[in-house]
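Listed in order, the protein sequences are those of chains G and U.
First residue of the first sequence: 38, per this note's numbering; consecutive thereafter.
First residue of the second sequence: 38, per this note's numbering; consecutive thereafter.
Protein chains: 2
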Amino acid sequence: MSASRIERALGETAEAVTDCLDRLLPAPDGPEGRVAEAMRYAALSDGKRLRPFLLVTSTGLFGVSGEPALRAAAAVEMIHAYSLVHDDLPAMDDDDLRRGRPACHIQFDEATAILAGDALLTFAFEVLTDEATHGDGAVRCALARGLAVASGASGMVGGQMVDLLAAEHDLDLDGVTHLQNLKTGALIAFSCEGGAILGGASAEQRDALSAYGRDLGLAFQIADDLLDVESTAAQLGKAVGKDADAGKATFVSLLGVAGARDYASELVARAISRLELFDGRADLLADVARFVIDRRH
Amino acid sequence: MSASRIERALGETAEAVTDCLDRLLPAPDGPEGRVAEAMRYAALSDGKRLRPFLLVTSTGLFGVSGEPALRAAAAVEMIHAYSLVHDDLPAMDDDDLRRGRPACHIQFDEATAILAGDALLTFAFEVLTDEATHGDGAVRCALARGLAVASGASGMVGGQMVDLLAAEHDLDLDGVTHLQNLKTGALIAFSCEGGAILGGASAEQRDALSAYGRDLGLAFQIADDLLDVESTAAQLGKAVGKDADAGKATFVSLLGVAGARDYASELVARAISRLELFDGRADLLADVARFVIDRRH
């Protein structure tokens with residue numbers, strides 16, 4: 038599939054998920070309305086919506102689509118959006134800009150941003166556990182549990198903790214891999230595994246999608262590191278980006294540009310090999326994996 | 038039942054729930070261990086554990102006890118603990134002390150406190166959705182959903198948003214009631230309703246326990262307002278506390294000391310009347326309601 042067809046497929050899912058988020062998120066109402074306003078600001082901003090795409094596409098492998106898949110995808114995006122709001126706070130990464138707009142704590146204020154993040158995180162579980170997501174409570178429960186494990190202290194939050202401490206430590210390749218598996222890999226892997234849960238997959242299919250997601254997540258991060266170096270080089274005339282300035286090891290600083298690119302290709306090949314048991318029905322997931330390391334933004 | 042017997046019952050449940058939290062919370066391990074350390078610091082500190090007591094006692098009405106009740110109680114306490122960690126942050130209420138110890142962001146740092154709060158919130162859902170909490174996934178799912186609704190933008194987080202904005206608004210009695218129903222009432226009501234869910238109660242019993250919890254939550258808050266004024270008056274020789282200094286309306290500022298005390302008694306009587314359908318088996322809940330407005334700390 039050509040890159041433009043993949044980009045179109047990504048764009049279509051992004052639009053459907055954004056519509057779903059818009060319908061699900063609370064409307065600002067009453068004296069507490071400010072927090073709903075900030076939740077909407079953070080979650081409805083532009084984004085690639087890679088995680089929702091993976092969830093919707095994985096669910097589609099099992100013939101399940103429509104509202105249930107979009108709701109689960111929206112829940113995953115709420116977690117991603119909350120993590121960006123909290124990561125941008127002055128006490129964390131202190132970023133004023135996010136996706137070309139003022140960060141949530143700049144547009145509103147720090148207290149509102151903290152609360153909006155908390156509320157988005159909580160709302161993801163409210164959405165997943167609602168009957169409209171799946172008729173079987175045990176399936177809804179499995180989704181909520183998978184999301185909690187991927188997002189918590191042994192997943193995304195743990196990864197952000199390691200990242201904050203990374204400048205003080207000399208992380209080697211294992212250390213950076215561990216950091217990124219937690220910080221971005223766990224939620225990306227859950228996006229794929231969640232589709233298997235929602236679609237009623239076998240344990241083997243579920244494990245395969247989860248493994249695909251783990252490999253893809255790491256490849257995605259390496260591609261990010263490469264873009265950081267290369268777009269900085271092109272635009273600012275220097276060879277290193279923000280992580281390097283902060284003294285943090287990255288895949289590129291540890292492996293070099295060519296080495297990192299090779300490793301990403303290897304991971305993508307491995308990710309695609311995980312999909313063999315779907316007999317070609319998962320070609321879209323294979324294509325998106327190739328796209329992720331070839332993208333230019 | 039005498040106050041000392043209620044205090045003993047509270048103390049016994051507090052100890053059992055603290056033990057359960059200690060077993061459930063992740064041990065500090067790996068480079069992300071700092072966040073687990075901060076979670077434990079925040080959740081294992083001393084506290085009345087009123088919410089866990091309500092959950093365990095409500096569950097007991099249906100003959101259910103032991104690990105399932107303790108786990109659900111621990112999950113509710115994790116939500117309460119996370120809310121205190123985030124509320125204490127400099128951008129929020131800016132409190133350095135909590136339960137007689139340095140607040141989490143003082144003991145660790147702001148970034149770690151934000152992450153520990155996020156992780157505690159997430160972990161509450163991980164615990165509730167685990168098979169060890171209940172054998173039926175639909176029951177676990179209902180618990181998780183109830184907790185999410187009580188804790189989010191239309192519940193506890195919404196209440197904190199209203200509270201932060203309260204100094205800028207002249208809240209009347211309806212306004213303060215709305216604030217407190219969200220900020221403390223929703224989670225206290227869920228603590229009672231959660232027992233009904235876990236115990237397999239009828240819809241009528243569940244509604245009764247939830248209504249009891251709502252009335253009790255408001256009475257509890259009024260008692261807090263009264264303690265704020267009276268302990269300040271006794272200790273500092275002035276008649277007003279922190280909320281009044283911040284220009285925030287409270288039940289006491291709106292109704293006066295005697296009026297607030299009358300209103301709390303009325304709410305407790307109403308809370309107790311909600312328990313009639315349990316034919317005397319819920320006397321412990323009635324007693325704790327009376328205790329809540331008579332307590333001295």
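We treat Cβ as the ideally placed atom computed from N, Cα and C, and that holds for glycine.
Taking a C-beta distance under 8 Å as the contact criterion, D262(U) and T287(U) qualify as a contact pair. Assignment of P127(G) by DSSP, reduced to helix, strand and coil, places it in the coil class. Listed in chain order, the non-local C-beta contacts of T55(U) below 7 Å within the same chain comprise L81, local neighbours out to five positions each way being set aside.
Pairing V113(U) with L246(U) gives a Cβ-Cβ distance that is not under 8 Å. For secondary structure counted as the beta strand (DSSP E) over 3 or more consecutive residues, the stretch 285-313 of chain G holds no complete run.
In the displayed model, L134(G) falls within a strand according to three-state DSSP.
Taken through DSSP and simplified to helix, strand or coil, P65(U) comes out as coil. With a cut-off of 8 Å on Cβ pairs, the stretch 71-81 of chain U is not in contact with the stretch 314-334 of chain G, counting fewer than three such pairs. When 8 Å is used as the limit between beta carbons, Q197(U) is near these residues of chain G: L152, in chain order. If you draw a straight line from the Cα of L219(G) to the Cα of G236(U), it is about 36 Å long. In this model, S239(U) and G97(G) are separated by some 38 Å (Cα to Cα). At least 8 Å separates the CB of A40(U) from every CB of chain G.
Counting only runs of at least 4 residues, the stretch 161-197 of chain G fully encloses the following alpha helix (DSSP H) elements, listed from N- to C-terminal order: 174-188.
Beta-carbon to beta-carbon, A111(U) and V164(U) are separated by about 6 Å, close enough to satisfy the 8 Å threshold. Around the beta carbon of L62(G), 16 or more other beta carbons lie within 10 angstroms, which makes this residue buried. Identification of chain G residues near H206(U) by a Cβ-Cβ cut-off of 8 Å yields P68, ordered along the chain. Our two residues, V176(G) and I234(G), have alpha carbons roughly 7 Å apart in a direct line. With respect to the 8 Å criterion, D282(G) and Q197(G) are not classified as neighbours on the basis of their beta carbons.
The Cβ atoms of T166(U) and G189(G) do not sit closer than 8 Å to each other.
Annotation for A80(U): the continuous alpha helix (DSSP H) segment containing it runs G70 to A80. Neighbourhood of L81(G) in chain U, by CB distance below 8 Å: empty, with the nearest CB roughly 15 Å away. In this structure L184(G) is buried. Its beta-carbon is surrounded by 16 or more other beta-carbon atoms within 10 angstroms. Looking from the CA of G103(U), the closest CA among P89(U), M115(U) and D146(U) belongs to P89(U).
One alpha carbon belongs to D265(U), the other to T221(U), and they sit about 16 Å apart. Annotation for G250(U): I225, A226 and C229 place their beta carbon closer than 6 Å to its own, counting only its chain and skipping 5 residues before and after.
Excluding its 5 nearest sequence neighbours in each direction, L92(G) has C-beta neighbours in its own chain below 6 Å: A109, A110, V113, S228, G231 and G232, listed in chain order. A direct Cα-Cα distance of roughly 19 Å separates R311(U) from D299(U).
Sixteen is the threshold: when 16 or more other Cβ atoms of the shown chains lie within 10 Å of the Cβ of R182(U), as they do, the residue is buried.
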